[in-house]
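The structure appears below as structure tokens.
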Amino acid sequence: MASVLVASNRGPVSYAVAEDGSLDARRGGGGLVSGLSAVSSEDSVWVCAALGEGDRQAVRRGISEPGVRMLDIDPDVHADAYNGIANSVLWFVHHMLYQTPVEPVFDAEFRRRWTSYETYNRAFAEALAAEADPGAQVVVQDYHLTLVPGMLREARPDLRIGHFSHTPWAPPEYFRMLPDDIAEQVLRGMLGADRLGFLTRRWADAFAACCTALVGGTGGTELGVHGLGADADFLRERSRRPDVEDRLAALREQIGGGPDRKTIIRVDRTELSKNIVRGLLAYRALLEDHPEWRGRVVHVAFAYPSRQDLAVYRDYTAEVSRVAEEINTAFGTDDWTPVLLHVKDDFARSLAAYRLADVALVNPIRDGMNLVAKEVPVVSDEGCALVLSREAGAYEELGEDAITVNPYDITGTARALHEALTMPDGERAERSKRLAASATALPPQRWFLEQLEALREVR
93 MASVLVASNR GPVSYAVAED GSLDARRGGG GLVSGLSAVS SEDSVWVCAA
143 LGEGDRQAVR RGISEPGVRM LDIDPDVHAD AYNGIANSVL WFVHHMLYQT
193 PVEPVFDAEF RRRWTSYETY NRAFAEALAA EADPGAQVVV QDYHLTLVPG
243 MLREARPDLR IGHFSHTPWA PPEYFRMLPD DIAEQVLRGM LGADRLGFLT
293 RRWADAFAAC CTALVGGTGG TELGVHGLGA DADFLRERSR RPDVEDRLAA
343 LREQIGGGPD RKTIIRVDRT ELSKNIVRGL LAYRALLEDH PEWRGRVVHV
393 AFAYPSRQDL AVYRDYTAEV SRVAEEINTA FGTDDWTPVL LHVKDDFARS
443 LAAYRLADVA LVNPIRDGMN LVAKEVPVVS DEGCALVLSR EAGAYEELGE
493 DAITVNPYDI TGTARALHEA LTMPDGERAE RSKRLAASAT ALPPQRWFLE
543 QLEALREVR
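Per this note's numbering, numbering of the sequence shown is gapless, rising by one per residue and ending at 551.
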């Protein structure tokens with residue numbers, strides 16, 4: 093039994109089956125893992141789903157980490173709930189990604205998958221109800237688990253229940269694309285919580301507007317804003333380790349051109365909302381409009397594959413590679429490769445890129461926060477100019493010292509890249525310093541403890 097519980101699709105640990113049949117445990121990272129470390133493992137439980145065969149084997153063999161309860165949900169149910177609903181419907185709604193002349197189509201197959209989503213959420217609610225001390229605090233995470241607060245409230249009215257959304261929230265006119273009963277079910281599920289947390293005021297206001305339009309308001313549920321920040325101490329220490337130094341040397345060799353060659357970096361998953369293709373097109377426009385940059389700047393683009401079990405993501409990943417190669421073919425020379433595209437996930441290499449960047453391009457078409465925008469100024473060696481989409485949640489905190497762009501405007505983004513590259517060194521360093529201060533205002537442990545404190549104070 094626990095006094096503090098967290099529920100999320102992905103947990104802090106995963107298991108891989110070794111050649112001899114044994115299981116290797118691998119610890120994860122991220123803001124939530126760092127945040128929960130502020131609470132004693134003796135008093136907390138993290139409820140998560142078994143995501144692969146190694147995880148399922150661990151559950152069946154009774155292997156677990158202290159403070160972690162992994163749920164062995166039927167793989168077909170999980171696939172329907174996770175890919176069929178959470179990532180293919182709710183994610184698309186909140187990021188406003190649909191090509192509306194042809195999608196979405198809410199048919200019988202959607203309803204079948206929605207039943208799986210309900211089953212998946214109920215498994216979490218039942219596990220939380222079984223694990224929680226009387227009056228315990230429960231913080232449910234994200235769009236995968238929107239129904240859990242309402243289900244848990246019915247089973248355990250004594251609990252203090254919170255939910256935190258790491259994504260944007262769609263405005264009412266877009267959210268109402270969902271079938272009316274499903275939209276209402278999502279809202280009422282979340283309103284089962286005592287308190288709902290969002291990354292920015294914009295997303296909290298959008299949720300409230302949806303409630304007003306569809307269910308008559310938020311009732312007694314409190315809404316709060318907690319802008320998750322970068323973990324400065326961890327990032328600065330980790331970015332100085334030998335493996336990062338090795339990646340830094342390798343990147344500098346690939347970039348070439350000596351100290352006068354500038355670098356524009358981006359670090360993203362090949363997620364549709366990250367807008368990588370338009371970023372590449374803007375870089376091409378920069379080279380076309382300002383030929384003086386040819387041979388003098390390299391775009392280092394890390395585009396790590398994401399959700400490759402979905403065809404639309406595979407197609408997008410292929411398009412990123414195609415456009416990068418097109419730019420290199422059109423402009424490249426024997427001693428200059430305009431785009432260095434890396435698709436293999438490598439955290440140490442990402443940190444190395446943060447350190448050497450003259451310009452960071454963060455241009456999502458819509459993003460709950462975007463921690464890359466916050467991490468680069470913290471790690472940068474010489475200060476980095478930030479080109480930032482006004483549609484990123486981070487814009488609310490960093491917009492004053494960033495160069496702001498409309499993510500759909502390729503010409504405007506090319507102008508912003510030129511402005512960033514020509515920014516005087518002193519101004520760039522001062523802006524980067526202020527960006528780093530804003531980016532670290534609410535580090536993960538404080539972010540999590542602030543939510544628990546606010547949840548305790550809800551009447």
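The beta carbon of each residue, even a glycine, is placed where N, CA and C say it ideally should be.
Quiz prompt | Nearest candidate by alpha-carbon position, reference A484, set L527, D297, A416, K366 | solution = Position 392 of the sequence shown, counted from the first residue, corresponds to residue 484. With distances taken between Cα atoms, A484 lies closest to K366.
Practice problem: Alpha carbon to alpha carbon, how far is L448 from R370? Give it in angstroms, no decimals. | Solution: Along the sequence shown, read from residue 1 onward, the residue named residue 370 stands at position 278. Along the sequence shown, read from residue 1 onward, the residue named residue 448 stands at position 356. Using only the alpha carbons, I get a separation of about 23 Å.
Quiz item: Where does W261 sit, in a helix, a strand or coil, going by DSSP?
Solution: In the sequence shown, the residue the question calls residue 261 occupies position 169. Three-state result, W261: coil.
Self-check item: Cβ pair V336, A440 closer than 8 Å
Solution: Here residue 336 refers to the residue found at position 244 of the sequence shown. Here residue 440 refers to the residue found at position 348 of the sequence shown. Yes, Cβ-Cβ distance for V336 and A440 is below 8 Å.
Quiz item: Between the C-alpha atoms of A393 and V431, what's the straight-line distance to the nearest angstrom?
Solution: As a working note, residue 393 is residue 301 in the sequence shown. As a working note, residue 431 is residue 339 in the sequence shown. Their backbone Cα atoms lie some 7 Å apart in a straight line.
Quiz item: Hey, would you say L288 sits closer than 8 Å to L315, going by beta carbons?
Solution: For the purposes of this step, residue 288 is taken as residue 196 along the sequence shown, with counting starting at 1. For the purposes of this step, residue 315 is taken as residue 223 along the sequence shown, with counting starting at 1. Yes, the Cβ-Cβ distance between L288 and L315 is below 8 Å.
Quiz prompt | A512 in three-state terms, based on DSSP | solution = The residue given as residue 512 occupies position 420 in the sequence shown. Correct three-state label for A512: helix.
Practice problem: List the residues that DSSP assigns as beta-bridge partners of Y212. | Solution: Counting from 1 along the sequence shown, the entry for residue 212 is found at position 120. Note: Y212 sits in no beta bridge, so no partner.
Quiz item: If you draw a straight line from the alpha carbon of I274 to that of D286, how long is it in whole angstroms?
Solution: Mapped onto the sequence shown, residue 274 falls at position 182. Mapped onto the sequence shown, residue 286 falls at position 194. Distance from the CA atom of I274 to the CA atom of D286, rounded to whole angstroms, is 21 Å.
Quiz item: Out of curiosity, what's the CA-to-CA distance linking G319 and A444?
Solution: What you label residue 319 is simply residue 227 of the sequence shown in a count that begins at 1. What you label residue 444 is simply residue 352 of the sequence shown in a count that begins at 1. Looking at the two C-alpha atoms, the distance is approximately 25 Å.
Practice problem: Verify the contact flag: E210, CB atom, against every heavy atom of the ligand NAP, threshold strictly below 7 Å. | Solution: The ligand NAP is not part of this structure, which contains no ligands at all.
Quiz item: Shortest alpha-carbon distance to A324 belongs to which of I457, R118, A529, N101?
Solution: Along the sequence shown, read from residue 1 onward, the residue named residue 324 stands at position 232. Ranking the options by Cα distance to A324, first place goes to A529.
Quiz item: With 16 as the cutoff for other CB atoms within 10 Å, does E519 come out buried or exposed?
Solution: Here residue 519 refers to the residue found at position 427 when the sequence shown is read from its first residue. Exposed: under 16 other Cβ atoms inside 10 Å.
Exercise. May I ask which residues mark the beginning and end of the alpha helix (DSSP H) holding H187?
Key: Position 95 of the sequence shown, counted from the first residue, corresponds to residue 187. Per DSSP, H187 belongs to the alpha helix (DSSP H) from 183–187.
Quiz item: What does a CB cutoff of less than 7 Å around A219 pick up in its chain, not counting 5 residues either side in sequence?
Solution: If you number the sequence shown from 1, residue 219 lands on position 127. Closer than 7 Å at the Cβ level, and outside the excluded window around A219, lie V139, R161, L163.
Quiz item: Is it a yes or a no for the region 294–311 touching the region 262–269, going by three-plus beta-carbon pairs under 8 Å?
Solution: Touching, per the Cβ criterion.
Quiz item: Anyone know if the C-beta pair for S95 and Q229 falls short of 8 Å?
Solution: The sequence position of residue 95 within the sequence shown is 3, counting from 1. The sequence position of residue 229 within the sequence shown is 137, counting from 1. Their beta carbons are under 8 Å apart, which means S95 touches Q229 by this criterion.
Practice problem: Identify every run of the alpha helix (DSSP H) within the region 420–500, keeping only runs that are complete inside it and at least 4 residues long; order them along the chain. | Solution: Listed in chain order, the complete alpha helix (DSSP H) runs (minimum 4 residues) inside the region 420–500 are 439–448, 464–471, 487–490.
Self-check item: Selected residue, minimal CA-CA separation from R353, among R399, W428, R361
Solution: Position 261 of the sequence shown, counting from 1, holds the residue named residue 353. The shortest Cα separation from R353 among R399, W428, R361 belongs to W428.
Quiz item: Which word fits E417, buried or exposed, when buried means at least 16 other C-beta atoms lie within 10 angstroms of its C-beta?
Solution: In the sequence shown, the residue the question calls residue 417 occupies position 325. With fewer than 16 Cβ atoms within 10 Å of its Cβ, E417 is classed as exposed.
Quiz prompt | Cβ neighbours of G309 in the same chain (closer than 6 Å, five flanking residues each side left out) | solution = Looking up residue 309 in the sequence shown gives position 217. The residues are C303.
Quiz item: What are the residues that DSSP puts in a beta bridge with S136?
Solution: Indexing the sequence shown from 1 puts residue 136 at position 44. DSSP lists V96 as partners of S136.
Quiz item: Which stretch, first to last residue, makes up the beta strand (DSSP E) that contains Q229?
Solution: Reading the sequence shown from its first residue, position 137 is the one you call residue 229. Segment 224–233, the beta strand (DSSP E) holding Q229.
Exercise. Measure the Cβ-Cβ separation of P397 and V435 and say whether it is below 8 Å.
Key: Taking the sequence shown and counting its residues from 1, one reaches residue 397 at position 305. Taking the sequence shown and counting its residues from 1, one reaches residue 435 at position 343. It is a contact, given that the beta carbons lie within the stated cut-off.
Quiz prompt | Assigned exposure category for D459 - 16 Cβ within 10 Å defines buried | solution = To locate residue 459, count along the sequence shown from 1; it is residue 367. Here D459 is buried. Its C-beta has 16 or more other C-beta atoms within 10 Å.
Exercise. Would you identify the three-state DSSP class for M243, choosing helix, strand or coil?
Key: The sequence position of residue 243 within the sequence shown is 151, counting from 1. Three-state result, M243: helix.
Practice problem: Leaving out five residues on either side along the sequence, give the residues of the same chain with a beta carbon under 8 Å from the beta carbon of E201. | Solution: Residue mapping note: residue 201 aligns to position 109 of the sequence shown, counting from 1. The same chain holds no residue with a CB closer than 8 Å to that of E201 once the five nearest residues on each side in sequence are set aside.
Quiz item: What is the DSSP secondary structure of S106, counted as helix, strand or coil?
Solution: Your numbering for residue 106 matches position 14 in the sequence shown. Correct three-state label for S106: strand.
Practice problem: For D225, I'd like the list of residues in its chain whose CB is within less than 8 Å of its CB, leaving aside the five on either flank, ordered along the chain. | Solution: Working through the sequence shown from its first residue, we reach residue 225 at position 133. M93, A94, S95.
Practice problem: Return yes when the Cβ of G284 is within less than 8 Å of the Cβ of G254, no when it is not. | Solution: For this step, residue 254 is matched to residue 162 along the sequence shown. For this step, residue 284 is matched to residue 192 along the sequence shown. No, they are not a contact pair.
Practice problem: Mind the definition here: the region 166–185 touches the region 207–215 only if three or more C-beta pairs lie below 8 Å; say whether that holds. | Solution: Judged by Cβ distances under 8 Å, the region 166–185 makes contact with the region 207–215, as three or more pairs qualify.
Exercise. Compute the distance between the beta-carbons of D450 and T514, then report whether it is under 8 Å.
Key: Sequence index remark: in the sequence shown, residue 450 carries index 358 (1-based). Sequence index remark: in the sequence shown, residue 514 carries index 422 (1-based). No, Cβ-Cβ distance for D450 and T514 is not below 8 Å.
Quiz item: Do you know how far the Cα of G387 is from the Cα of T409?
Solution: Residue mapping note: residue 409 aligns to position 317 of the sequence shown, counting from 1. Residue mapping note: residue 387 aligns to position 295 of the sequence shown, counting from 1. Here the alpha carbon of T409 sits roughly 26 Å from the alpha carbon of G387.
Quiz item: So, I565 versus V390, is the Cβ gap smaller than 8 Å?
Solution: The structure shown has nothing for residue 565, since the chain only spans 93 to 551.
Quiz item: How about T259 and H186: do their beta carbons lie closer than 8 Å?
Solution: On the sequence shown, residue 259 is found 167 positions in, with the first residue counted as 1. On the sequence shown, residue 186 is found 94 positions in, with the first residue counted as 1. In this structure, H186 lies closer than 8 Å to T259 by Cβ.
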